[in-house]
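Chains as they are written, first to last, in our numbering: chain A, 5 to 113; chain B, 31 to 291.
Even for Gly, the Cβ is constructed at its ideal location relative to N, Cα and C.
Taking it in order: structure first as C-alpha cells, then the write-up.
Right, dumping it as C-alpha cells:
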C-alpha cells in the first residue's frame, strides 16, 4: 500500500495573460481496486484515490473523480487560462483518509 | 626509377582506396542489436524519455530517500559507506549479475546483503517496493553507460551456461528464448512486437504491471508464458540467464528506468 504521497506537477512558471497553459500531474498511488486477491486467496481491501481538485488562487479550475478502474500512479493532464499571478493548489483525496497537497506558482506577465 | 615511383604510387592509391572504402564496410557491419525502446509507440517513448511523466520517478525518489536512511546500532546508511550515489554507483548496475567471491550475485542480492550485514535490517523480497526503489535508483546512475561484462574464464562459464538455457526449449509450448528473441525478433506475437530481449532498461516500469519490476520478474513472466515452471527468484539458473543476456547486450547503453507496455 502506498503510504507516501509523492506527486509531480509539470506546468510553466511564467505565462502571458490570456495564455492557455497545460498542467500535468502524476501521483504515486497503488490504486488497489478491491477486486484482487492475495496469495492466500483473501480479497485485498480497496484503497484508491477518490478525487482530484485543482484550485487557482482559491478558485476551482479542475476536478476529477477517480474509480477502481483507474490504473496505479494516475496521470491527469488538463489546461487552464492564465489570468493572474498566483498559486495553484493540487489536492488528492482517497480511501483511508488519504490526503496529498502540493502547490505551484505561476507568474503572469 | 620512374617504374619504381609508379609502383609506389599505385600502392599508395590502393591503400587510399582501401581506407576510403573502410567506413562503408564498417557501416555494413553496423550493430543490428536494438533496444526494445525502438519498438515502442511514440507515446510510451515520450513517457520514458520525459522525467516528468516517467512513473519510475516515484521509485527513484523513494530510492534516493532510502539511500541515506540510517539504520542499525551504528546508525549507518547506504551513503555512509558508498557516499554520493551519483558518483559511486555510476556504472555499477551495468555489470550485474557478477561473480562476488566465486558466487554469481544479482544487484538485488547485493543490496540485500549490504542492508542485512551493515544496516542490520531484515532482508527484503525481490519485488518489494524497497528492493525496487533501491535497485532502480542505483541502476539509473548508469543511464547512458555501456553494459560491461567481465570476460574472465569463471564469468564466461556462467555466461555459457546461461546461453544453454537461452537456447533450451522449455514448457508445454516447448519454446526456447532464442526461438522468439533471436530467430523471430521484430515479428509479431499476437499484436505485440517481439523484441530482441536486451536488458537495457531494468528495472522497468511496465504499464501492464502498474509497477516497477526486475529483469527476473520479466524472465519469469516469459517462462509462465511458455507454460514452463519459472526459475525461482535469485536462483542460480535465472542469474546465469541474466548474465548471458547482459553479455549478449554488452556495449549497449543502459536506459534505466525504462517504460514498457
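**OP:** Closer than 8 Å, Cβ to Cβ, to anything on chain B: give me those residues from the region 76-92 of chain A, in chain order.
**Re:** 76, 77 and 79
Original post:
Should the region 256-265 of chain B be called in touch with the region 168-184 of chain B, which here means at least 3 C-beta pairs below 8 Å?
Top reply: no
Original post:
So what's residue 239(B) in DSSP terms, helix, strand or just coil?
Top reply: coil
Original post:
Would DSSP call residue 53(B) helix, strand or coil?
Top reply: Any reading at residue 53(B) must be qualified, since the residue scores a pLDDT of 48, below 50, and its modelled position is unreliable; the value itself is stated next. Residue 53(B): helix per DSSP, three-state reduction.
Original post:
Taking Cβ-Cβ distances shorter than 8 Å, what residues in chain B pair up with residue 30(A)?
Top reply: 82, 83, 85 and 87
Original post:
Closest Cβ-Cβ distance between residue 17(B) and chain A: below 8 Å?
Top reply: Summary: the structure shown does not reach residue 17(B), with chain B confined to residues 31 through 291, and so no result is reported for it.
Original post:
Which same chain residues, not among the five before or five after residue 106(A), have their C-beta less than 7 Å away from its C-beta?
Top reply: 11, 13 and 94
Subject >> Cβ-Cβ separation, residue 163(B) to residue 239(B) (assumed contact under 8 Å), whole Å >> reply: About 15 Å; that fails the 8 Å criterion.
Subject >> residue 12(A) at chain B interface by Cβ criterion, 8 Å >> reply: yes
**OP:** Just tell me which of 77(A), 102(A) and 88(A) has its CA closest to the CA of residue 62(A).
**Re:** 88(A)
Original post:
Hey, quick one: how far does the alpha helix (DSSP H) through residue 196(B) stretch, first residue to last?
Top reply: 183-197
Subject >> Same chain, Cβ closer than 7 Å to residue 49(B), neighbours up to 5 away in sequence not counted >> reply: Confidence at residue 49(B) is low in this model, with a pLDDT of 48, below 50, so the placement of that residue is unreliable and no value is reported for it.
Original post:
Under a Cβ-count criterion, where at least 16 other Cβ atoms within 10 Å of its own Cβ denotes burial, should residue 39(A) be classed as buried or exposed?
Top reply: exposed
Subject >> Simplified DSSP state of residue 278(B), which is helix, strand or coil >> reply: helix
Subject >> C-beta atoms of residue 139(B) and residue 244(B) nearer than 8 Å >> reply: no
Subject >> Within-8 Å CB hit, residue 91(B) to chain A >> reply: yes
Original post:
By how many angstroms is the C-alpha of residue 84(B) removed from the C-alpha of residue 78(B)?
Top reply: 5 Å
**OP:** Can you give me the start and stop residues for the beta strand (DSSP E) that residue 64(A) sits inside?
**Re:** 63-69
Original post:
Are the CB atoms of residue 96(B) and residue 160(B) nearer to each other than 8 Å?
Top reply: yes
Subject >> Three-state class that DSSP yields for residue 254(B) in the structure shown >> reply: helix
**OP:** Spatial neighbours of residue 83(A) within its chain, please: CB distance less than 8 Å, with the 5 preceding and 5 following residues excluded, ordered by chain position.
**Re:** 24, 25, 26 and 27
Subject >> Opening and closing residue of the beta strand (DSSP E) in which residue 52(A) lies >> reply: No beta strand (DSSP E) contains residue 52(A), which DSSP labels as neither H nor E.
Original post:
Nearest-angstrom Cα distance between residue 185(B) and residue 76(B)?
Top reply: 37 Å
Original post:
So residue 92(B) is in the alpha helix (DSSP H); what residue range does that whole segment cover?
Top reply: 87-97
Original post:
Which whole-angstrom value describes the C-beta separation of residue 232(B) and residue 289(B), a residue pair presumed to lie in contact below a C-beta threshold of 8 Å?
Top reply: Going by Cβ atoms, the distance from residue 232(B) to residue 289(B) rounds to 12 Å, so no, they are not a contact pair.
Original post:
Using a beta-carbon distance below 8 Å, is residue 35(A) in contact with chain E?
Top reply: As a matter of chain content, chain E is missing from the structure shown, whose protein chains are A and B.
Original post:
Of all the options 90(A), 108(A), 21(A) and 70(A), which has the alpha carbon lying nearest to the alpha carbon of residue 52(A)?
Top reply: 70(A)
**OP:** With DSSP as the reference, label residue 5(A) as helix, strand or coil.
**Re:** With a pLDDT of 35 at residue 5(A), under the threshold of 50, the predicted position of this residue should be treated as unreliable, and no value is reported.
Original post:
Would residue 228(B) pass as a contact of residue 65(B) if the rule is Cβ separation under 8 Å?
Top reply: yes
Original post:
Is there a Cβ from chain A that is less than 8 Å from the Cβ of residue 131(B)?
Top reply: no
Original post:
Are residue 72(A) and residue 31(A) closer than 8 Å when you measure CB to CB?
Top reply: no
Subject >> Under 8 Å between C-beta atoms of residue 257(B) and residue 198(B) >> reply: no
Original post:
With 16 other CB atoms within 10 Å as the buried threshold, where does residue 45(A) fall?
Top reply: exposed
Subject >> The alpha helix (DSSP H) enclosing residue 283(B), as first and last residue numbers >> reply: Counting along the chain, residue 283(B) falls outside any alpha helix (DSSP H), and DSSP gives it neither H nor E.
Subject >> Ordered list of beta strand (DSSP E) runs contained in the region 101-184 of chain B, each at least 3 residues >> reply: 128-130 and 133-135
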